[in-house]
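What follows is one structure encoded as structure tokens, with my remarks underneath.
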Amino acid sequence: GPSLAYEHADAETLDELRDDAQSCQRCDLYRNATHLVFGEGPRTAEIVLVGEQPGDKEDQAARPFVGPAGRLLDQCLDEAGVDRDRCYVTNAVKHFKYQMRGKKRLHARPNAGEIQRCAWWLGAELELLQPKLVVALGATAVSSLLGTKVKVMRDRGHILHSSAKLDVLVTIHPSALLRIREADERERNRAAFIQDLKKVTRFL
Ligand code: URA
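Quick look at the structure:
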């Protein structure tokens, strides 16, 4: 299972932690990424949003959720009445993992070992932030925060208690919406995602 607080970071602030993360070699993903993408947002944030890993755009900008998935996340947060600027936004894995296809860098899923090694950084962020609610966006974040027994499609919309004693809202990843081709199905899932995100407003 996930063990986020088994070992403590030396960093006493998020800025220190971010600096420490820059030289991370806990797994091999640092080798091919352009930037480490750390979390960002107010250190007083009561809500932490956790995605999977930076995408192509995030890797270049060194900022989380600034590409297509980020734009969709922003729209859905807005419709749910959640101000992104009041949230701390981060990822379960902090380097972009990809495969080359021609000249394109195509997203590749982080494996269990990569998720587990990077959970150390996520755990340290959460320990410093002490949020009221963590929102796990998709299977990678869910696995990092709650372990592999929790299933996104079965448990979405529920707030579960993590072993690190955090309340974690399970929901889908906005990229999953981008992959649905059928318009009605996409709209249904988008509406359900917004319903899930509305639960965040109770914690604001
Ligand atoms: N997808 C994620 O999970 N995180 C990002 O930062 C961008 C896309």
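This note's numbering puts the first residue of the sequence shown at 16, with every later residue one more than the last. Cβ coordinates follow ideal geometry from the N, Cα and C atoms, glycine included. Here the structure is a predicted model, which is why all the values come from computation and not from measurement.
With a threshold of 16 other CB atoms inside 10 Å of the CB of residue i, please say whether the residue is buried or exposed.
| i | result |
| --- | --- |
| T59 | exposed |
| K2 | For the chain, the structure presents residues 16 to 219; residue 2 sits outside this window and is missing. |
| K166 | exposed |
| S38 | exposed |
| H23 | exposed |
| D100 | exposed |
| A151 | buried |
| T163 | exposed |
| D25 | exposed |
| D34 | exposed |
| G128 | exposed |
| A154 | buried |
Whole angstroms are fine: how far does the CA of residue j sit from the CA of residue i?
| i | j | result |
| --- | --- | --- |
| N204 | R194 | 11 Å |
| K118 | A107 | 26 Å |
| C42 | L144 | 24 Å |
| H176 | L148 | 10 Å |
| D98 | G56 | 11 Å |
| I174 | M115 | 37 Å |
| E200 | Q210 | 15 Å |
| N47 | H122 | 13 Å |
| S158 | S190 | 17 Å |
| G172 | Y45 | 33 Å |
| A139 | A156 | 15 Å |
| V63 | I187 | 15 Å |
| G82 | H110 | 15 Å |
| L88 | N126 | 24 Å |
| F80 | D71 | 10 Å |
| V215 | R120 | 33 Å |
| L137 | A84 | 20 Å |
| Y113 | D182 | 31 Å |
| A198 | A95 | 20 Å |
| Q68 | C91 | 19 Å |
Could you tell me which residues DSSP pairs with residue i in its beta bridges?
| i | result |
| --- | --- |
| K119 | R116 |
| G66 | N106 |
| L152 | T186 |
| E55 | V104 |
| L175 | V183 |
For residue i, would you say it is in contact with chain B, using Cβ-to-Cβ distances shorter than 8 Å as the test?
| i | result |
| --- | --- |
| H173 | This model lacks chain B altogether; it includes just one protein chain. |
For this session: Anything with a beta carbon under 5 Å from a heavy atom of the ligand URA counts; list them all in chain order.
Result: For the ligand URA, the selected residues are G66, E67, P69, G70, E73, P79, F80, A84 and N106.
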